[in-house]
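What follows is a short report on a single structure.
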Amino acid sequence: MRSAPFTLLLSAFLFAVGCSDSGDGNGGEAGSGGATGGTGGGATTGASGTTTGTGDATTSTGTGDTTTSTGTGDATTSTGNATTGTGDATTGAGGGDGGSDGAGGGASARVPAASASTLREAGEKANPPILIGAAISGGGLGNNDYKRVAAAEHSYVTTENEMKWDSLEPSSGNFSWGSADNIVNWARQNNMKVKGHTLVWHNQLPGWMSSMTGKENVTNAMRRHITQVMGHFKDRIDTWDVVNEAVQTDSDTGVGNPRMRPSVFLNQIGSNYIDLAFQIAREQDPKAKLYYNDYSIDARNEKVEFVYNMVKGMVERGVPIDGVGFQMHIGPPNNEAGGADVAANMKRFTDLGLEVLISEMDINRCGGVVTADEQLAYYHDIVEACFKLPKCTAITFWGINDGRSWLNSWSGALCNGQSSQSLLFNDQYGKKETYNRVMNALLGR
């Protein structure tokens with residue numbers, strides 16, 4: 001393992017200070033810099049098969065979802081209600097059944113399966129179970145090998161682009177459901193749960209929405225979109241990424257001046273748009289699991305401090321939030337996070353009575369920033385950190401195989417069209433050593 005860069009050492013110090021004095025966490029409301037694009041999806045080529053690509057990404061800097069570049073998109077994978085306690089939160093925004101230890105359902109540890117032949121089986125046989133997910137694209141479902149591996153190895157689906165605002169409501173009040181319906185119906189045919197992604201996000205907005213002005217106009221448009229989308233999928237989807245990537249920093253590693261990200265929602269409604277979005281979502285579906293999702297909140301840095309205090313404030317105000325998605329895009333241009341840091345950050349959020357999950361995991365090897373040995377260690381240790389925490393309810397990988405990774409064609413990832421080598425299956429859908437390390441973590445090895 002190479003020496004940690006100065007920014008990571010600095011962020012570790014800041015995290016330690018933040019743990020002793022969490023502060024008010026409100027910060028500024030706007031600004032520039034940070035992840036304006038995100039590693040998010042939005043690849044014009046690659047796994048998605050749509051014009052915006054696999055994830056969401058707007059420009060070239062952010063870790064999360066983006067609109068026009070080829071970012072990594074986000075897949076939050078909330079688990080919904082796990083049968084033995086991973087689901088319902090103990091206190092705060094989560095609902096019911098939590099044990100005194102905050103693990104949910106009284107569970108203090110997850111017991112691995114004795115054996116399993118697939119990741120899906122390992123997750124289903126664990127006690128309590130854990131969902132194993134993947135970001136699925138409409139284009140991918142045209143490939144038989146893609147479908148075979150996706151269904152055999154996973155129990156959870158997040159659509160890469162097909163539920164973004166520009167896909168579902170391309171013109172004001174007119175909704176297009178076909179592509180999203182196809183993925184949801186395929187998932188249900190294969191006994192897979194689906195997480196809706198995403199209702200409110202600054203990227204991949206149609207022009208009519210991103211240019212809208214007036215608090216009342218934007219509020220009404222947001223309300224209509226959340227109500228219509230959740231209503232359409234209500235009998236098929238019970239977990240949602242309500243708000244995605246609302247916080248930015250000067251660096252995509254989560255370091256430097258954390259603040260609310262400028263967007264049509266922040267600019268026209270104000271910072272309370274997040275509370276409002278969750279309240280509207282709860283009104284539409286009182287039983288749904290509602291999540292906040294973001295990137296670079298897995299390491300010890302300034303961004304996770306800001307997000308933690310933001311979410312803590314939501315819980316204290318009674319905002320109906322059930323959990324937090326850790327995107328877990330590791331490697332350029334995002335941060336690196338070891339298992340211990342991930343475990344510590346997740347525990348802080350579960351101590352608020354919330355669920356957590358890994359929502360968009362991939363580990364980028366491009367540019368030699370993350371070595372092969374580091375990648376294997378990260379995959380094992382991060383998955384292990386989630387698995388050991390009963391209120392970490394799901395692990396979703398951002399794609400199926402290397403050849404379809406959004407990272408390959410996004411300049412911010414340093415791949416220059418070459419394979420990012422970032423996932424668990426190679427171009428021919430064969431299992432890689434990364435797969436074995438994940439399986440070991442799920443089986444307690």
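Using our numbering, the first residue of the sequence shown is number 1, and each one after it goes up by one.
Glycine residues also receive a C-beta, built at the ideal position from the N, C-alpha and C atoms.
Tell whether a beta-carbon distance below 8 Å holds between Phe326 and Val356.
Within the sequence shown, residue 326 is the residue found at index 326, counting from 1. Within the sequence shown, residue 356 is the residue found at index 356, counting from 1. A distance below 8 Å separates the beta carbons of Phe326 and Val356.
Ile321 to Asp285 span [Cα, whole Å]:
Here residue 321 refers to the residue found at position 321 when the sequence shown is read from its first residue. Here residue 285 refers to the residue found at position 285 when the sequence shown is read from its first residue. Here the C-alpha atom of Ile321 lies approximately 13 Å from the C-alpha atom of Asp285.
Roughly how many angstroms lie between the CA atoms of Glu433 and Gln279, to the nearest whole one?
Translated into the one-based positions of the sequence shown, residue 433 becomes position 433. Translated into the one-based positions of the sequence shown, residue 279 becomes position 279. Their Cα atoms are separated by approximately 43 Å.
In its own chain, which residues sit with a C-beta less than 8 Å from the C-beta of His232, not counting the 5 before and 5 after it?
Translated into positions along the sequence shown, residue 232 becomes position 232. Correct list, in chain order: Phe175, Trp177.
Rank Lys195, Asn267, Val200, Ser251 by C-alpha distance to the C-alpha of Thr213 and give the top, closest one.
Mapped onto the sequence shown, residue 213 falls at position 213. Out of Lys195, Asn267, Val200, Ser251, Asn267 has the C-alpha closest to the C-alpha of Thr213.
Spatial neighbours of Thr350 in its chain, beta-carbon cut-off 7 Å, leaving aside the 5 residues before and after
Along the sequence shown, one-based indexing puts residue 350 at 350. Residues Gly102, Val356, Leu389, Lys391 of the same chain have their beta carbon placed closer than 7 Å to that of Thr350, with the five preceding and five following residues left out of the count.
Drop a sphere of 10 angstroms on the beta-carbon of Gly412, count the other beta-carbons inside from all chains shown, and report buried for 16 or more, exposed for fewer.
Here residue 412 refers to the residue found at position 412 of the sequence shown. Its Cβ being crowded by 16 or more others within 10 Å, Gly412 is buried.
Considering only DSSP beta bridges, list what Gln428 is partnered with.
The residue given as residue 428 occupies position 428 in the sequence shown. The beta-bridge partner set that DSSP reports for Gln428 is empty.
Looking only at DSSP bridge pairs, what is Phe397 linked to?
The residue given as residue 397 occupies position 397 in the sequence shown. Partner(s): Ala134, Met361.
Taking Asn334 as the reference, which of Pro128, Ser296, Ala277, Ile382 has the closest Cα?
Translated into positions along the sequence shown, residue 334 becomes position 334. If we check each option's Cα against that of Asn334, Ser296 comes out closest.
Let me know if Gln418 comes out buried or exposed under the rule of 16 or more other beta-carbons within 10 Å of its beta-carbon.
What you label residue 418 is simply residue 418 of the sequence shown in a count that begins at 1. Exposed: under 16 other Cβ atoms inside 10 Å.
Measure the Cβ-Cβ separation of Leu423 and Asp362 and say whether it is below 8 Å.
What you label residue 423 is simply residue 423 of the sequence shown in a count that begins at 1. What you label residue 362 is simply residue 362 of the sequence shown in a count that begins at 1. Taking a C-beta distance under 8 Å as the contact criterion, Leu423 and Asp362 qualify as a contact pair.
If contacts are defined as beta-carbon pairs under 8 Å, then Pro206 and Glu169 qualify, I think. What distance do you get, rounded to the angstrom?
Position 206 of the sequence shown, counted from the start, is the residue given in the question as residue 206. Position 169 of the sequence shown, counted from the start, is the residue given in the question as residue 169. Their Cβ separation, rounded to whole angstroms, is 7 Å, which keeps Pro206 and Glu169 in contact under 8 Å.
Residues near Trp186 in its chain [Cβ-Cβ closer than 7 Å; skip 5 each side]
Translated into positions along the sequence shown, residue 186 becomes position 186. Excluding sequence positions up to five before and after Trp186, its CB lies within less than 7 Å of the CB of Leu141, all in the same chain and listed in chain order.
Three Cβ pairs or more, each shorter than 8 Å: is that satisfied between the segment 371-385 and the segment 335-347?
In the pairwise beta carbon analysis, the segment 371-385 is classified as touching the segment 335-347: at least three pairs are separated by under 8 Å.
Taking Ser365 as the reference, give the member of Asp402, Ala385, Thr393 with the closest Cα.
Reading the sequence shown from its first residue, position 365 is the one you call residue 365. Note on identity: in this sequence residue 365 is Arg, with Ser being the wrong assignment. When only C-alpha atoms are compared, the closest one is Asp402.
Tell me which residue opens and which closes the alpha helix (DSSP H) that Val264 is part of.
For the purposes of this step, residue 264 is identified with residue 264 of the sequence shown, where counting begins at 1. Boundaries of the alpha helix (DSSP H) harbouring Val264: 264-269, taken from the DSSP string.
Just to check my reading of the structure: Ala277 and Val229 have Cβ atoms closer than 8 Å, yes? What is that Cβ distance to the nearest angstrom?
Counting from 1 along the sequence shown, the entry for residue 277 is found at position 277. Counting from 1 along the sequence shown, the entry for residue 229 is found at position 229. Not quite, the Cβ-Cβ distance comes to about 12 Å (not below 8 Å), so this is no contact.
Let me make sure I understand the geometry here. Which of Gly139, Ala122, Met222, Glu121 has the alpha-carbon closest to that of Asp166?
Position 166 of the sequence shown holds residue 166. Closest in C-alpha terms to Asp166, from the list Gly139, Ala122, Met222, Glu121, comes Met222.
Integer-rounded CB distance, given that Thr219 should sit under 8 Å from Ile269:
Locating residue 269 in the sequence shown gives position 269, counting from the first residue. Locating residue 219 in the sequence shown gives position 219, counting from the first residue. Contact holds; Cβ gap of about 6 Å.
Beta-ladder partner(s) of Cys392, from DSSP:
In the sequence shown, counting from the first residue as 1, residue 392 sits at position 392. According to DSSP, which records beta bridges pairwise, Cys392 is partnered with Val356.
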